[in-house]
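Notes to accompany the following structure.
Protein chains in written order, with the numbering used here: chain U, 4 to 191; chain Z, -11 to 144.
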């Protein structure tokens, strides 16, 4: 039995992994180490970049939506005010002449606003600190009074998102046309 | 239990290879096992901490990858003749071939127990700890394996 054990010992001791295989294994370890070092450096960097982009995007969206919300609220608030008009007329030219401080055309470019509404009059107002025209329009069929705001697109409002919004029971539509910004509010 | 601290990287790899060979009884499979275990440990710990851990990793990989395959190996006569003629000492090589054939008739768990006990010098308790088998089972495996080999040797 001792002889058999000795033979087994010799047999297994003679089994050797080839030296080129050992070299290959050691090379794989070095390569893996390099990859790990690169990975350990890249992963936090990628995470930081993604986080920065995420925060920036969130701030951008947040700022934009916040500005739009402010404009909608301001237009809604102004619509509910029933201050005296500077001029009462159903003629845009007359109202334009009366609001002489304005250096832009108050006549809406949308055909339906001229076709379906009758101009009641207008006055000055401000939206986000910029001077604007506040025009009262009466719907020809329903006789409901709408308020139209017109002002040049300045830096203060250039990021406002066009669309139709609801605020405190009012509907406010925002849009732009060439260099002018429009807001139309109606409701009680 | 022997520790790896005194072993060089190459000695540790050779030792792991012999253990993998005892399990697989196939040169290339043993090489693959050793390489995979070595890389796995480096990936996890950046080093191979102990020989015991290296052996355990090899063993687990063997159970996962090789034993489940139930592979059948065909050894050609030609390769044996080439093996014999390539060596200057036909008697020694003849013994090796005989041992090889006898070991191929043992189960992997029997070869493993024999290898750890005879070649690595592990006690039954150490083998039990490494393989997760009861000490009594380990002793029984060693005893039966030796008996089988002796019977095969007599038959030849």
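Think of the CB as a built atom: it goes at the ideal place given N, C-alpha and C, for glycine as much as any other residue.
Every value quoted in this text rests on a predicted model; they were computed, and no experiment measured them.
{"Item": "Rounded to whole angstroms, what's the CA-CA distance from residue 151 (chain U) to residue 104 (chain U)? Just pull it up for me.", "Value": "18 Å"}
{"Item": "Below 8 Å on the Cβ atoms is my contact criterion, and I expect residue 127 (chain U) with residue 187 (chain U) to pass it. Report the Cβ-Cβ distance as a whole number of Å.", "Value": "The Cβ separation is near 18 Å, so there is no contact."}
{"Item": "If we ignore side chains and look at the alpha-carbon of each, how far apart do residue 3 (chain Z) and residue 54 (chain U) end up?", "Value": "48 Å"}
{"Item": "Kindly give me the distance between the Cβ atoms of residue 163 (chain U) and residue 71 (chain U), rounded to whole angstroms, as I take these residues to be in contact under 8 Å.", "Value": "5 Å"}
{"Item": "What separation, rounded to the nearest whole angstrom, lies between the Cα atoms of residue 129 (chain Z) and residue -4 (chain Z)?", "Value": "31 Å"}
{"Item": "Considering only the beta carbon of each residue, do residue 8 (chain Z) and residue 22 (chain Z) sit closer than 7 Å?", "Value": "yes"}
{"Item": "Can you tell me where the beta strand (DSSP E) holding residue 142 (chain Z) begins and where it ends?", "Value": "That residue, residue 142 (chain Z), is in no beta strand (DSSP E); its alpha helix (DSSP H) goes 123 to 143."}
{"Item": "What residues in the stretch 3 to 14 of chain Z bring their beta carbon closer than 7 Å to a beta carbon of chain U?", "Value": "5, 6, 9, 10"}
{"Item": "Pull up the DSSP beta-bridge partners for residue 184 (chain U), would you.", "Value": "U:154, U:179"}
{"Item": "Examine chain U for any beta-carbon lying closer than 7 Å to the beta-carbon of residue 30 (chain Z), and answer yes or no.", "Value": "yes"}
{"Item": "Quick one: which chain U residues come within Cβ less than 8 Å of residue 53 (chain Z)?", "Value": "The contacting residues do not exist; residue 53 (chain Z) stays about 17 Å from chain U at best."}
{"Item": "Are the stretch 23 to 38 of chain Z and the stretch 101 to 121 of chain U touching, with three or more C-beta to C-beta distances below 8 Å?", "Value": "no"}
{"Item": "Just reading off the alpha helix (DSSP H) that residue 27 (chain Z) is part of, what are its end residues?", "Value": "15 to 33"}
{"Item": "Is residue 115 (chain Z) close to chain U? Criterion is C-beta to C-beta, closer than 7 Å.", "Value": "no"}
{"Item": "Using only the alpha-carbon positions, how far apart do residue 76 (chain Z) and residue 124 (chain Z) sit?", "Value": "In this prediction, residue 76 (chain Z) scores a pLDDT of 49, lower than 50, which makes its location untrustworthy; no coordinate-derived value is stated."}
{"Item": "Using the beta-carbon of each residue, which ones in chain Z are nearer than 8 Å to residue 32 (chain U)?", "Value": "26, 27, 30"}
{"Item": "Hey, out of U:157, U:166, U:190, U:179, whose CA is closest to residue 140 (chain U)'s CA?", "Value": "U:190"}
{"Item": "Any idea what DSSP makes of residue 126 (chain U), helix, strand or coil?", "Value": "strand"}
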